[in-house]
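Visitor: The opening residue of the sequence shown carries number 0 in numbering that gives the first Met the number 0; numbering runs sequentially from there.
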Amino acid sequence: MEGCLAVNANGKSGGLVMMWKKSNQVEVQTYSSDHIDSIIHMDNDNPIRFMGFYGNVEPNKKQCSWNMLRRVGRSFKEKWIIGGDFNAILDNAKK
0 MEGCLAVNAN
10 GKSGGLVMMW
20 KKSNQVEVQT
30 YSSDHIDSII
40 HMDNDNPIRF
50 MGFYGNVEPN
60 KKQCSWNMLR
70 RVGRSFKEKW
80 IIGGDFNAIL
90 DNAKK
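Right under this line is the structure:
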């Protein structure tokens, strides 16, 4: 891969990496320890929004992660792809 953005891990957890081919134009919009948000321009197509996402497992931070997703989702009209670890288990009994 010719392009790369890495967000360092915090201790033993976290850390995100986004890599792309040089033939795709990628504009990183924002990033944090929980996400990398970008717009990808591909040949003969409208731009696509791509987000790598980590849903924080700490209860007080989990809501912030999901609120950020909602806020970003309302801010644009492009196609949107989200990938990552959503940590969406709401009840430990469901593990």
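All C-beta atoms in this analysis are idealised placements derived from N, C-alpha and C, irrespective of residue type, glycine included.
For residue 9, tell me which candidate among 39, 46, 53, 41 has the shortest Cα-Cα distance.
Guide: 53
Visitor: For residue 5, tell me which candidate among 21, 78, 29 has the shortest Cα-Cα distance.
Guide: 29
Visitor: What's the gap between the Cα of residue 85 and the Cα of residue 26?
Guide: 23 Å
Visitor: Unbroken beta strand (DSSP E) runs of length 3 or more, entirely within the stretch 23-70: which are they?
Guide: 24-30, 34-40, 47-53
Visitor: Straight-line CA distance for residue 55 to residue 81?
Guide: Each residue's alpha carbon lies about 15 Å from the other.
Visitor: Got a sec, what are the start and stop residues for the beta strand (DSSP E) residue 78 sits in?
Guide: 78-84
Visitor: Residue 78 and residue 48: beta carbons closer than 8 Å?
Guide: Against a cut-off of 8 Å, the Cβ pair of residue 48 and residue 78 comes out as a contact.
Visitor: Specify the secondary structure class of residue 10 as computed by DSSP and reduced to three states.
Guide: Coil.
Visitor: How many angstroms separate the CA atom of residue 24 from the CA atom of residue 72?
Guide: 21 Å
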